[in-house]
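Structure record follows, encoded as structure tokens.
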Amino acid sequence: MTMLRQLAAASLAVGVIAAGRACAQDQAPAPAPLSPPALGPGGAAGAAPIAGDAVYKAFHEQAGIQRVIDDLIARVTTDPRIGQHFKGVNLKRLNLLLTQQVCYLTGGPCQYTGDDMRSAHAGLGLRNSDFNALAEDLQLAMDKEGVAFSAQNRLLAKLAPMQRQIVTK
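According to mature numbering (1 follows the signal peptide of the UniProt record, and there is no 0), the stretch in the sequence shown is residues -24 to -1, 1 to 145, in order.
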């Protein structure tokens, strides 16, 4: 795995862990607004979306993104390295928020309704080893879906800068 892929996947890993903790509540998120989040480029999603819809299509659109996230959650919850971070988490809500985020970032028609990355990860004490484990799980999920390597890298390039907002240890 290249350094960029590893860093970006690690950022998503930490995001998954933090979103999972935020999802421990049972209430569903509000429906996605039609306008973009109001926190600047990318808003709470952590980055502006990729221009155009080529990457979204390479992920096989909404259905493909959903399969990637379903597979990712199945992997991380059973991964002995990071599975403990997901105990007591509302996995249905986590699935929804991650699907929204990836759909939005890949240029799809979705809006992300979760917390911003810094707030979502505050106080979790997440480490690079958590990133690395989830990065491997994410890569396997994208590979299983048959997402082109170039499209994977475009998403990971959007995720990598989020590491500064997420890693605290």
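Beta carbons: idealized from backbone N, C-alpha and C, even for Gly. Note that the structure is a prediction, hence the values are computed from the model and not measured.
In angstroms with no decimal places, state the Cα-to-Cα distance between residue i and residue j.
i	j	result
P17	F125	Unreliable placement is indicated for P17, whose pLDDT of 49 sits below 50; no coordinate value is reported for it.
N66	Q139	23 angstroms
H97	D91	9 angstroms
P85	S105	33 angstroms
Going along the chain, which residues of its own chain have a beta-carbon closer than 6 angstroms to the beta-carbon of residue i, five neighbours each way excluded?
i	result
K145	G101, R103
T53	G59, F62
R77	Reading off the sequence, residue 77 comes out as Gln, not Arg. Answer for Q77: A21, Y88, listed in chain order.
Starting from residue i and walking both ways along the alpha helix (DSSP H), at which residues does that stretch end?
i	result
M93	93 to 97
I142	139 to 142
I21	Residue identity check: residue 21 is Ala in the sequence provided, not Ile. It is not in any alpha helix (DSSP H) - A21 carries neither H nor E in the DSSP assignment.
Counting contacts by CB-CB distance shorter than 8 angstroms, is residue i in contact with chain D?
i	result
S126	Looking at the structure shown, chain D is missing, and only one protein chain is on hand.
Tell me which residues share the same chain as residue i and place their Cβ nearer than 7 angstroms to its Cβ, disregarding the 5 neighbours each side in the sequence.
i	result
T75	I41, Q42, I45
D113	L48, R51, V52, D55
For a test of the three-state rule: what should DSSP assign to residue i, helix, strand or coil?
i	result
R43	helix
N66	coil
F35	coil
Excluding the 5 residues flanking residue i on each side, which residues of the same chain have their C-beta closer than 8 angstroms to its C-beta?
i	result
A23	P17, L81, K134, L135, P137, M138
Can you tell which of the options has its C-alpha closest to the C-alpha of residue i?
i	options	result
I26	V143, I49, Q128, L110	Q128
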